[in-house]
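Read left to right, the sequence shown gives residues 382 to 499 (the numbering used here).
Don't be surprised by glycine CBs; every beta carbon is placed ideally from N, CA and C.
Since the structure comes first, as structure tokens, the remarks are kept for the end.
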Amino acid sequence: GGLEGVDWPWSGKHWQDHPRADHIATADRPHSPDAACANGYGLRCMAENVHEWCWDWYYPDAYSERNAGELQPTERGRKVSRGGSWRHAVRFTRLTARASLSPERRYNDFGFRLYANV
């Protein structure tokens, strides 16, 4: 989203600079995306509203593997999640944050992330 070299998808260096920080930290549900959350491509709330399930199977060292998305499931069978959510600690909203969960689990703060090759 045009955010090279930054930790957070909003202006400022810390989550406290986010225009909706007071709502995000205290909400008990996702918030409606607004222009204040938009990144450089106009995508809104990619890092603080809901975690997003990703296609990739989780491997701690996936970035050192070629075609990591094509790797087969590990014994534990965990999927990558990105983005952080209204329910999680701020450190999980960093652009580089990468977590994992079992695909059998369901949570009210998870969505899914779409992508396409261009």
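Less than 7 Å between the C-beta atoms of residue i and residue j, yes or no?
{"i": "residue 459", "j": "residue 439", "result": "yes"}
{"i": "residue 464", "j": "residue 433", "result": "yes"}
{"i": "residue 493", "j": "residue 431", "result": "no"}
What would DSSP say about residue i, mapped onto helix, strand or coil?
{"i": "residue 466", "result": "coil"}
{"i": "residue 480", "result": "strand"}
{"i": "residue 404", "result": "Reliability fails at residue 404, whose pLDDT of 49 lies under 50, so the model's placement of it is uncertain and no value is given."}
Taking residue i and residue j to be in contact with their CB atoms under 8 Å, please state how far apart those CB atoms are, rounded to whole angstroms.
{"i": "residue 462", "j": "residue 435", "result": "7 Å"}
What first and last residue would you give for the beta strand (DSSP E) that runs through residue i?
{"i": "residue 433", "result": "432-438"}
{"i": "residue 492", "result": "491-493"}
For chain C, check one thing: does any of its Cβ atoms lie closer than 7 Å to the Cβ of residue i?
{"i": "residue 432", "result": "Reference to chain C is not applicable here, since this structure consists of a single protein chain."}
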